[in-house]
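Have a look at the structure below, then the notes.
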Amino acid sequence: MCRARPERSPEAQAAASNAVLAAIAASDALCGHALGERAADQDHGTATTLIKTVQPDGVRLANKLRRLLSDKTLLQYGTYCTPVTAEQAVRDAKVLVDALDSRGL
2 MCRARPERSP
12 EAQAAASNAV
22 LAAIAASDAL
32 CGHALGERAA
42 DQDHGTATTL
52 IKTVQPDGVR
62 LANKLRRLLS
72 DKTLLQYGTY
82 CTPVTAEQAV
92 RDAKVLVDAL
102 DSRGL
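With the working numbering applied, the sequence shown covers 2 to 106.
This is how it looks when you write it as structure tokens:
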């Protein structure tokens, strides 16, 4: 996103929303691969507890996922967010997606 445009935008909202979905999907895949299970309930907090146990970087992954999930409703269903907010969401999601790559998934 362009930092010269600090106003809220539908493009930023779409990027942030997709980042949340990518992080959840990556978390499910990482947990499934490493632990043989994934969080399957509506309480996404369970997902952060579960991914925290994934070695070697579960705590870091859980922190990124937790930050995204804490803003999930706003990022997916709220008013448009700013490009700066979207950039942070994409960076957080990228950590989880990159963890898939590092494991050959």
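Glycine is no exception: its CB is placed at the ideal position from the N, C-alpha and C atoms.
Please classify residue i: is it buried, with 16 or more other beta-carbons within 10 angstroms of its beta-carbon, or exposed?
i           : result
residue 11  : exposed
residue 54  : exposed
residue 57  : exposed
residue 51  : buried
residue 115 : Since the first residue of the chain shown is 2 and the last is 106, residue 115 is not available in this structure.
residue 85  : exposed
residue 76  : buried
Considering only C-alpha positions, which residue in the set the options is nearest to residue i?
i           : options           : result
residue 29  : 19, 66 and 15     : 66
residue 64  : 79, 77, 92 and 76 : 92
residue 70  : 105, 8, 9 and 26  : 26
residue 62  : 43, 9, 34 and 95  : 95
residue 24  : 37, 72 and 9      : 72
residue 103 : 14, 8, 35 and 9   : 35
residue 22  : 106, 48 and 80    : 48
residue 99  : 20, 8 and 13      : 20
residue 9   : 105, 79 and 101   : 79
residue 16  : 81, 106 and 97    : 81
Go ahead and pull the three-state DSSP assignment for residue i.
i          : result
residue 89 : helix
residue 34 : helix
(request) Could you pull out every unbroken alpha helix (DSSP H) segment of at least 4 residues lying fully inside the region 46–95, listed in chain order? (result) 46–52, 59–71 and 73–78
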